[in-house]
Structure formats: structure tokens, C-alpha cells
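FYI, the numbering for the sequence shown is 71 to 413, going by the numbering used here.
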Amino acid sequence: MICPNDPRQCVEIVDTTLRDGEQAPGVAFSTDDKCAIAEKLAEAGVAELEVGTPAMGGQELEAIQAVVRRKLPCRLTAWCRASEADLDAAAKAGVGGVHLSLFASKIHFQAFNKDSSWTLRQIEQLVPLARRRFDYVSLGVQDASRAELSFLLECAEAAEAAGADRIRFADTVGLFSPMQVHQTIQAIRAKTPWIALGFHGHNDLGMATANTVAAVQAGAHCVDVTVTGLGERAGNAPLEEVVMALHAAHRLDTGIDFLQLRPLAQLVSRCAGRPISPTKPIVGDALFEHESGIHVRGILADSRAFEPFEPESIGAPDRKIVLGKHSGAAARSLTLPSRPKPA
């Protein structure tokens, strides 16, 4: 769902499975894979697909062009470094939007031999150039969790002044906590009320979903996800977790069809060659299996007692009562009749 009129009035899901997800070591999607995943994401109602990095050229560029030719009902953006050459490659790919990535922390400045003034100059120079060539311009701030808040505010103000549609803050190595995310996004929201804010969470410490939800609560309008959390190191915020957390815990609508979450996960799992754990939230096969006696008794009376949502709401198989060490009388009473004795 792309938000109409004022983008600050709803949450947009930005899926980067085809870009950041594919950066997971050992994962390489074919052109057919990319097209199939893109079509399934669009069918599910995802607002924006970050479809790749055109500057890589070769097969990557061809795959992006193949996705563009599908004319999907969602925004297609490409990831770019802060250079005109990358914008040229994105234009050749035919995407409608770009995401320009810039450095923000002292660690990244030192690693890439840049400084804060370089970042601010790139915003001032490249955003207007991109505005003339693309329908949508997103500006990314790398390693925001280790950057000075004062500099993040400078970047946001510069992006708004230059005409960017969105500024996206990346927790590049997953060091943010939900409270820190909330405080940071809230401060930036107060300083720059007229630009859409995005959040890009990594899962190194297992907090990507929680941080993404916290960003939304603090005023972020767009959040980045990948299907099953696929991505570098420990991965990204999983699409299925973020969508259901926003819905089930906070009653926020993302426009995503919940019945598409499991098929999406299964498709990406096959294409990536990475199996889905049975206990994976939302899309794992063990999500609605119960053994504990008190749990079984509770769900037999009211499934809400030990389930946050119904299996049918996400197209999952019916719940299962598993007999084992922890089963109680309520579960045992559901056992099938014993086999008839042989004649």
C-alpha cells in the first residue's frame, strides 16, 4: 500500500529482499527468482520494492530491468552510492525511484576516508539532481545508531531542504535498542515535520523487529524489511514479523495481505536455499502446536488464551495438540480411539 497524499499518515512497507536480502552470503537470485519474488511481494500489497544495485551492471542490471518490465503496482527503487554514475545506472535500469546512501558515523567516515562535510555536500548536490531524473528520492543515513544525534538532525534538515521525499536511518550493525530508536526518531520527527522518515533495522542483537516497531511508534512512515529476515550476518527485520506485530499488537494497517506471508516465505526460502525453522515466528510450521497441559486447556476454552491470532488469519494449518511429557488431562482426552484388537 503506497500512502495517498500525505505519506506521514500511514506506514509503508519497503521490502529489500531483492537487494539487502540477496547480500546474505551464498545467496544469489536468478532473474526468474527476482521476478517471481517481486510479483509475489506486489501481490501481497508491499508498497515499495528495493530491487537491487544497478551500478553492479551485468546480470544485476538485467534482472532489475526484467522486474521493471513487469509493471508491478508498487514503487520500484534502486540502491545507489552517492555518485552521479550510480544515478546514471539507475536511470538505465528504468526504476522510478532511487535510494542514495551516505555515511554518518565517525567509524564509517574513517573507514571510507570521508567526513561530515562530505555527506552534507552530497545531500545538497545529489538530491536535486536525482529529483530531476526520478519520481521518488530517498536518502539513506548509514550507521545511524553510532552517529551523533546532532549530525543526524543536520542530515534530516539538509535532506528536507534539498527536496528529498524520504530520509532513511539505518541501524547498520543492529546496535540500537527500542528506546534509543524511539528517542532518535522522535527527535528527528520534531525537527523535520515535512519529510517522510524511514527506518532500516539489522538483527545482530535480535532486536530488528522491536526496533522497527519502535520507529513506527515514534513517527517513522516507512520501514524496511526482508522476507524471513534474509540478509547479511543475522539478517534484517523480517517482513512477516513486522507486519503482524504492527497489526496484532498495535492495530496498525500496512496494507499487507496476511494470507500471502507464508507463501512468500516459502518462495524466498526455496530461491535462497535456506530452510525455514519450524519455530520461526509467523511462518514456522510449529507456530500453532501445543503440548503443555495448561496451554491446551486454555486454548480449548478460548484460543486467545495462548495464541496472538488465529491460524486461519495467516493461512497456517490448523493448530495441533501434541502429546508428550507436558500434556495434561485436557490433551489426553482428545486422543483418537485405540485400534481395534485383531480378530
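Backbone N, C-alpha and C fix where the C-beta goes; we use that ideal spot for every residue, glycine too.
Remember, it's a predicted structure, so these values are computed and weren't measured experimentally.
query, result
"Using alpha carbons as the reference points, say which of SER347, GLY325, PHE269, PHE379 lies closest to PRO143.", "GLY325"
"Our contact map puts LEU170 next to SER215 with C-beta atoms below 8 Å; I'd like the distance itself, whole angstroms only.", "Incorrect: roughly 19 Å between the Cβ atoms, too far for contact."
"Output needed for GLY289: all residues of its chain with C-beta closer than 7 Å, excluding positions within five of it in sequence on either side, in chain order.", "ILE255, GLN256, ARG259, LEU267"
"Is the Cβ-Cβ distance between ALA307 and THR279 less than 8 Å?", "yes"
"Check SER186 in the structure and name its three-state DSSP category.", "helix"
"From LEU219 to HIS252, what does the alpha carbon distance come to, in whole angstroms?", "13 Å"
"Give the DSSP-derived three-state secondary structure of GLY210 in the structure shown.", "strand"
"What is the DSSP secondary structure of ASP294, counted as helix, strand or coil?", "strand"
"Using three-state DSSP, classify THR147 as helix, strand or coil.", "strand"
"Work out the CA separation of GLY233 and HIS320 for me, nearest whole Å.", "32 Å"
"Between GLN250, HIS291, TRP264, which lies nearest to MET277 when the distance is taken from Cα to Cα?", "GLN250"
"With ASP102 as the anchor, note down where its alpha helix (DSSP H) starts and where it stops.", "101-114"
"Rounded C-beta distance between GLU61 and ILE384? I'm assuming under 8 Å.", "Past the boundaries of the shown model lies residue 61; the chain is included only from 71 to 413, so the question cannot be answered."
"Can you check whether the CB of GLU109 is closer than 8 Å to the CB of PHE99?", "no"
"Between VAL137 and LEU172, how many whole angstroms is the CB-CB distance? I'm expecting something under 8 Å.", "Incorrect: roughly 25 Å between the Cβ atoms, too far for contact."
"Please report how far the alpha carbon of GLY166 lies from the alpha carbon of ALA125, in whole angstroms.", "16 Å"
"Return helix, strand or coil for VAL121, following the three-state DSSP convention.", "coil"
"PHE182: buried (16+ other C-beta within 10 angstroms of its C-beta) or exposed?", "exposed"
"What are the boundary residues of the alpha helix (DSSP H) that includes ASP158?", "154-163"
"Could you name each continuous beta strand (DSSP E) segment of 3 residues or more that falls completely within the region 220-259, going from the start of the chain to the end?", "236-241"
"By a C-beta neighbour count over all protein chains shown, 10 Å radius and 16 as the cutoff for buried, is GLY127 buried or exposed?", "exposed"
"Looking at the unbroken beta strand (DSSP E) that takes in HIS169, where does it start and where does it end?", "167-172"
"For HIS317 and ASP355, I'd like the C-alpha separation in whole angstroms.", "21 Å"
"So, at 8 Å on beta carbons, what are the nonlocal neighbours of GLU113 in its own chain, with the 5 sequence-adjacent residues on each side left out?", "ASP327, GLN330"
"Excluding the 5 residues preceding and the 5 following GLU194 in the sequence, name in chain order all residues of the same chain whose CB lies nearer than 7 Å to its CB.", "ALA228, ALA232"
"What do you reckon, is the C-beta of ALA217 under 7 Å from a heavy atom of the ligand NAP?", "Of ligands this structure carries none, so the ligand NAP is not represented either."
"According to DSSP, what are the bridge partners of VAL84?", "GLU118, ASP294"
"At what residues does the beta strand (DSSP E) containing GLY271 begin and finish?", "266-271"
"Classify GLN180 as buried or exposed, calling it buried when 16 or more other Cβ atoms lie within 10 Å of its own Cβ.", "exposed"
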